[in-house]
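Numbering-wise (the UniProt record's numbering), the sequence shown opens with residue 1 and increments by one.
Virtual Cβ for every residue (Gly too), placed ideally from N, Cα, C.
Quick caveat, the model's predicted, so the values are computed rather than measured.
Report on the following structure.
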Amino acid sequence: MNLKKLFWQCAKSTCEPQLEANLAELDKADAQAGIDLRKHPFKLWCKAFFRDAVKCDTVENNLSEAFNSTLLKARSKPLIPMLEDIRVATMKRIAKKRKYVLKWPGSFGPIIMKKLNTNILASQGWNVDFNGDDGYEIKKGRGQFKVSLKKRSCSCRRWDLSGIPCAHAICAIYDKGEEAEAYVDNCYSKEMYHKTYSYTLHPINGELLWPRTQHEEILPPLPKKMSGRPKKKRVREQSEARPPSSSQLSRKGRIMTCSLCGGEGHNKKSCSTTAGTVTPSARGRRPRGGRGKRGNTSRRQSGFGVYVDEATGETILEVSSHLTCMFKSFQFVAMMFSHFALYVIC
């Protein structure tokens, strides 16, 4: 099991005994990772230490990421156009949510009902022991939890944190002969949803209809061009995962292969192959001189079309180069003769 999965198990632990068990698994996988994780206060990253008054068990930063995605186009604009884009987006979102709540078939939204139905399925197979007052013991194998319906609390703390009855609480609710939907927190109700989006943003006129001031107009500051290309992407932390590139394949999972010996796990810089050894993987490969350095490289040029072979000392005349030189000389003489003829005629 990788460290990332073990970390999220620790972060999503809803009670301290569950956290200690998950930390023990993390210590077995990597003791130093467990030591580093304990340096950070548990109340900042573990559900077991979250307050249960807000009824929000979210431990990720999805809320901030979702808000940041709405500002991708607006944040590159000047101040007033940026604020206008945010205002319009907020106005449209409120109107959309007011229409959305009208489609609810019941007292709670579809997402809340989906979570509740998942907990109802998970409640199967548990045994219930009632103390005659308000205490319930929910047992299954070695697991045992206590539930209080009056306090709307379970020792696993899932119900306390989210406000949605957990599987243990649903067992106690059904034992009492009531419906689980009646014990969902009121903050998820249709009435509270209406109150949340009861305030609307009113449309405003454009800049051409704004009232004019009698004071001196305030100009924006002079633009100052910084060195380098302007950055539009936000700065990510070192621990954050990088988004996949649309133009470059990821190197994750690829095995490094040496171009000299063909071996895996190293490249040609760290290759231990002795110089001059020709390996099967290097046979038939083009020389490293490049495309423009073909043929005999021992020739030394001494003039137009004349080469000296350094190995034999023989002088070589290339006919193609000699003819090219003669043709250029003939063109030059013809041009000079035509100019002289024009001079005499005039």
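Beta-carbon proximity check, residue 42 vs residue 161, cutoff 9 Å:
Here residue 42 is taken as the residue at index 42 of the sequence shown, counted from 1. Here residue 161 is taken as the residue at index 161 of the sequence shown, counted from 1. The answer is no: Cβ separation not under 9 Å.
Buried versus exposed call for residue 130 [16 or more other C-beta atoms within 10 Å across all chains shown]:
Locating residue 130 in the sequence shown gives position 130, where the first residue counts as 1. Exposed, by the Cβ-count rule.
By DSSP, does residue 49 sit in helix, in strand, or in coil?
Translated into the one-based positions of the sequence shown, residue 49 becomes position 49. Helix at residue 49.
Per DSSP, residue 264 forms a beta bridge with which residues?
Locating residue 264 in the sequence shown gives position 264, where the first residue counts as 1. Answer is 257, bridged to residue 264.
Straight-line Cα distance separating residue 251 from residue 244
As a first step, residue 244 must be located in the sequence shown, where it is residue number 244. As a first step, residue 251 must be located in the sequence shown, where it is residue number 251. Answer to the nearest angstrom: the Cα atoms are 11 Å apart.
Residues of its chain near residue 257, where Cβ-Cβ distance is below 6 Å and the 5 sequence neighbours each way are ignored
Within the sequence shown, the letter at position 257 stands for residue 257. Around residue 257: 264.
If the criterion is Cβ atoms closer than 9 Å, does the pair residue 180 and residue 165 meet it?
One-based indexing of the sequence shown puts residue 180 at position 180. One-based indexing of the sequence shown puts residue 165 at position 165. Result yes, Cβ atoms of residue 180 and residue 165 sit closer than 9 Å.
With DSSP run on the structure shown, which of helix, strand or coil describes residue 129?
The count along the sequence shown starts at 1 and reaches residue 129 at position 129. Of the three classes helix, strand and coil, the one that applies to residue 129 here is strand, per DSSP.
Since residue 4 is in the alpha helix (DSSP H), which residue starts that stretch and which ends it?
By 1-based counting over the sequence shown, the position of residue 4 is 4. Looking at the DSSP string, the run of the alpha helix (DSSP H) that includes residue 4 is 3-11.
In this structure, how does DSSP classify residue 101 when only helix, strand and coil are distinguished?
Here residue 101 corresponds to residue number 101 of the sequence shown, with the count starting at 1. Correct three-state label for residue 101: helix.
Which whole-angstrom value is the C-beta distance of residue 157 and residue 24, which I expect to be below 8 Å?
What you label residue 157 is simply residue 157 of the sequence shown in a count that begins at 1. What you label residue 24 is simply residue 24 of the sequence shown in a count that begins at 1. Wrong, their Cβ atoms sit about 19 Å apart, outside the cutoff.
In whole angstroms, what is the alpha-carbon distance linking residue 37 and residue 100?
Here residue 37 refers to the residue found at position 37 of the sequence shown. Here residue 100 refers to the residue found at position 100 of the sequence shown. One C-alpha to the other measures close to 41 Å.
For the putative contact between residue 197 and residue 103, defined by C-beta atoms under 8 Å, what is the C-beta separation to the nearest angstrom?
Translated into positions along the sequence shown, residue 197 becomes position 197. Translated into positions along the sequence shown, residue 103 becomes position 103. With a Cβ gap of about 14 Å, residue 197 and residue 103 do not count as contacting.
Cα-Cα separation between residue 68 and residue 259, rounded to whole angstroms
Within the sequence shown, the letter at position 68 stands for residue 68. Within the sequence shown, the letter at position 259 stands for residue 259. If I take the Cα positions, the gap works out to 44 Å.
When you compare only the Cα positions, how much space is there between residue 138 and residue 152?
The sequence position of residue 138 within the sequence shown is 138, counting from 1. The sequence position of residue 152 within the sequence shown is 152, counting from 1. Between residue 138 and residue 152, the C-alpha separation is close to 15 Å.
Do three or more CB pairs link the stretch 167-182 to the stretch 119-135 at distances below 8 Å?
yes
Where do the ends of the beta strand (DSSP E) carrying residue 136 lie?
Start at 1 with the first residue of the sequence shown, and residue 136 comes out as number 136. Per DSSP, residue 136 belongs to the beta strand (DSSP E) from 135-140.
Backbone secondary structure at residue 269 - three-state DSSP:
Counted from its first residue, the sequence shown places residue 269 at position 269. Looking at residue 269 - three-state DSSP - the assignment turns out to be coil, as it is neither helix nor strand.
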